[in-house]
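S.K.:
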Amino acid sequence: MHSLLKPATFFLTLGIAFSAFSQVKVSNRITEAIDDRETAALRGTVHPLLQHATDQGRMDGGIQLESVSLTFKRTAAQEAAVEKLLAEQQDPKSANYHKWLTPEQYADRFGLSTADLNKVVSWLQSEGFTVNRVARGRTQVWFTGSVSQIETVFRTEMHRYIVDGENHFAHSTELAAPAALADVVLGVHGLSDFRPRAKAHVRKVSPEEVKANFTSSI
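Those letters in the sequence shown? Residues 159 to 376, by the working numbering.
1. Is Ala-340 helix, strand or coil when you go by DSSP?
2. Using the Cα positions of Phe-287 and Thr-310, report the straight-line distance between them to the nearest angstrom.
3. Relative to the C-alpha of Ala-337, which residue among Val-278, Arg-296 and Tyr-319 is closest?
4. In angstroms with no decimal places, state the Cα-to-Cα distance between Phe-179 and Ile-221.
5. Between the region 211-220 and the region 294-311, can you find at least three pairs of beta-carbon atoms closer than 8 Å?
6. Would you decide whether His-317 is buried or exposed? Buried here means 16 or more other CB atoms lie within 10 Å of its CB.
7. Quick one: is Gly-202 buried, meaning 16 or more other Cβ sit within 10 Å of its Cβ, or exposed?
8. Taking a contact to mean a Cβ-Cβ separation below 7 Å, would you say Leu-282 touches Phe-312 in this structure?
9. Mind checking whether Asp-266 and Arg-187 have CB atoms under 7 Å apart?
So this is what it looks like as structure tokens:
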């Protein structure tokens, strides 16, 4: 699956307002009151490295977690439209060839509706979280909260672990969110400190290459 959010150039604007982009508005998807008593599991949210981790117990509930975020799903119709637009932007014969969207244009076509976003922000604030910022494309919202708040709201426990001799933290179970948000929440990020590692590429270097690359510019 392609993502319009990955290439930085996607959000570059040519300084031209494309009316065809701005005419399409997203629909509201949160149709029920957000009730914490009715939750839905967010499947696949346990980090795979925990299978090989040594559990060191629960984290202190007072620890503040910065830059936690909710990411939002696209609807099936939005997903199809994204794929279509991506293809058109790379097709010299298309009227949309190299017509990039601004974040606001993206939001109006493929992001969460403003009404739904406001409901999510209000819910986070009602749970005691501090909302830090919202993505201009209405795809993500960042917030800060304590470990205790995270555990209560997302129905999990935050633990410390040792993995390959290194200290880490993460949530120990699959997360849950209010059922009213199940159609819009893709995932929760920032609840662990596991980071992808780049793979090292090693090749042998001959003495001749070393000499050739050693210059007086060092």
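Every residue gets a Cβ at the ideal spot worked out from N, C-alpha and C, and that includes glycine.
Predicted model, so just to flag it, every value in this text is computed and none were measured.
M.R.: According to the structure data:
1. coil
2. 12 Å
3. Val-278
4. For Phe-179, the predicted model reports a pLDDT of 47, less than 50, meaning its position is unreliable and no value from the coordinates is stated.
5. yes
6. buried
7. exposed
8. no
9. no
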